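Written below as structure tokens is the structure these notes are about.
Chains as they are written, first to last, in the working numbering: chain A, -14 to 111; chain B, 393 to 763.
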């Protein structure tokens, strides 16, 4: 598994060969608060870089989850759809959102490193 | 640059800095900077109110005092459909201000005091409310929106035990009654009431003493509760939020709140919009407020369209969230009356997709008031 990369929309991606795993960051879950609804995409769905791919709702509001990378969904994480609260507990581990077969690895390369992302969050508090 | 900017002064309650020190996240609400949540977050705040006790700073709400003779009652009864003549001193009623079409200008709690009445008004409506009420007042009726007072709601099953230790006697209050008590050498007014579906109190206390009261509550493990959990608590309890579930175009019959119009007033009338309301009471309204339970986990938020199972649009959601004590999504909304029966299958359109749901009884969460 490769190093985790991060998007400005607070998603993370890790890469295993041609298959990327995508989730939302711990920072994102802290901004959202208690997560009470998750919708993940079905296998076979094509997603574009920065296109809407999943939905996450907290007690406060609904938010779209974007795919930081283009490709075809191979699996949505049904476990988090059944237990949305689990996303708050382990957002960057067991509570990933979806996996996809990527088209273009250079999209992954241009995402932020952990250090860059932490700096980005500090500079863009919300 | 150079463009005109309207600067609205944001108001703060006397506890603003106190909230800040408790780790509150603030949002603008009805012209005030109010805590939406604290460090624990909405779900934990909600649960601690239901299992222990929580306090809410509701000082942004208007505490409107009226004084006058018998003619004050006549004046207020023109715009409020409660039986104020027979309201006993220190007793409270949930009621409304009504316009000429019977639409709800605001919902409120009115309490009879020794010298007249105290009305608790919604923050966003209070200025207009006072204008509307004033139309009916006479020269000898005195009125005051008292901004020197804070209003604290203490809610939850442990409220009575905790407050009785500090202010002996409050335990004797029955639901929707109040009285004067002494605290720190000052008068304060306590009512047994609230908007969460829990037993509890609302405490009207001077801005100079309120921090001391909160210190005491916190030392008794009463958690601070923000607007976020206030919303999930009131929605589970089936209670309306003005500006969402109620507005000037909705009347009490449509809002399923006809119980809040006094029996005598329903018969005799004499208040704004009575002709229309009398007719609706006899014949029913075209649409009515109902409880809604989505079948799955999807949350049907405000403005979600409601359809029959064969895809006819029949209404819309006015409040919707996840109910932590129900452990499921809950909502309220308006549907055509013929589809309002509890158990009716409906569809809810969320993000362009239709999800199943049912018309549900209100409240979603059973109340435990002390009668």
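Glycine included, every Cβ here is placed at the ideal spot set by N, Cα and C.
Source: prediction; values computed, not measured.
| Query | Result |
| --- | --- |
| Closer than 7 Å to chain A by CB, residue 418 of chain B | no |
| Cut-off 7 Å between Cβ atoms - residues of its own chain near residue 530 of chain B, not counting five sequence neighbours on either side | 463 and 467 |
| Interface residues of the region 423 to 436 of chain B facing chain A [CB-CB below 9 Å] | 428, 429, 433, 434, 435 and 436 |
| is_contact[residue 18 of chain A, chain B] using C-beta, thresh 7 Å | yes |
| Paired residues, beta bridge with residue 455 of chain B - DSSP | B:512 |
| Distance, residue 484 of chain B Cα to residue 535 of chain B Cα | 18 Å |
| Buried or exposed by the 16-neighbour rule on C-beta atoms within 10 Å, applied to residue 409 of chain B | exposed |
| Start and end residues, alpha helix (DSSP H) containing residue 466 of chain B | 462 to 469 |
| Nearest to residue 21 of chain A (by Cα), restricted to the options A:-3, A:99, A:37 and A:46 | A:46 |
| Cross-strand partners of residue 536 of chain B (DSSP beta bridge) | B:457 |
| Spatial distance of residue 728 of chain B from residue 679 of chain B (CA atoms) | 4 Å |
| Between the CA atoms of residue 670 of chain B and residue 440 of chain B - distance to the nearest angstrom | 43 Å |
| In DSSP terms, what residue 569 of chain B is bridged to | B:483 |
| Runs of beta strand (DSSP E) lying entirely within the region 690 to 748 of chain B, each at least 3 residues, in chain order | 697 to 700, 705 to 715, 720 to 728 and 737 to 742 |
| Residues sharing a beta bridge with residue 420 of chain B, DSSP | B:425 |
| Distance between residue 18 of chain A and residue 50 of chain A (C-alpha atoms, nearest Å) | 15 Å |
| Residue of B:428, B:745 and B:720 minimising C-alpha distance to residue 752 of chain B | B:720 |
| Residue interval of the alpha helix (DSSP H) (run including residue 592 of chain B) | No alpha helix (DSSP H) contains residue 592 of chain B, which is instead part of the beta strand (DSSP E) from 592 to 598. |
| Counted within 10 angstroms of its Cβ, other Cβ atoms place residue 74 of chain A as buried (16 or more) or exposed | exposed |
| CB contact flag (residue 454 of chain B, residue 523 of chain B, <7 Å) | no |
| Assumed close pair residue 8 of chain A, residue 53 of chain A - CB separation to whole angstroms, cut-off 8 Å | About 10 Å separates the two Cβ atoms, so there is no contact after all. |
| Segment limits, alpha helix (DSSP H) that includes residue 666 of chain B | 666 to 675 |
| Beta-carbon separation (whole angstroms), residue 414 of chain B vs residue 424 of chain B, contact threshold 8 Å | 17 Å between Cβ atoms; not a contact. |
| Closest Cα partner of residue 503 of chain B within the set B:749, B:724, B:723 and B:585 | B:585 |
| C-alpha distance - residue -1 of chain A paired with residue 96 of chain A, whole-angstrom precision | 11 Å |
| Closest Cα partner of residue -6 of chain A within the set A:39, A:62 and A:69 | A:39 |
| CB-CB length for residue 83 of chain A against residue 26 of chain A, believed under 8 Å | 6 Å |
| The region 646 to 661 of chain B in contact with the region 701 to 714 of chain B per 3-pair CB rule at 8 Å | no |
| Touch test, the region 567 to 574 of chain B against the region 634 to 645 of chain B, Cβ-Cβ under 8 Å, three pairs minimum | no |
| Interfacial residues, the region 44 to 61 of chain A to chain B, with Cβ spacing under 8 Å | 44, 45 and 47 |
| Distance between beta carbons of residue 592 of chain B and residue 442 of chain B, contact taken as under 8 Å | At roughly 11 Å, the Cβ-Cβ gap does not stay under 8 Å, so residue 442 of chain B and residue 592 of chain B are not in contact. |
| Three or more C-beta pairs below 8 Å linking the region 598 to 610 of chain B and the region 627 to 634 of chain B | no |
| Member of A:56, A:85, A:58 and A:41 whose CA lies at the smallest distance from the CA of residue 69 of chain A | A:41 |
| Limits of the unbroken alpha helix (DSSP H) element including residue 103 of chain A | 99 to 108 |
| Among B:434, B:596 and B:698, nearest to residue 457 of chain B - alpha-carbon criterion | B:596 |
| Nearest-angstrom Cα separation, counted from residue 465 of chain B out to residue 475 of chain B | 9 Å |
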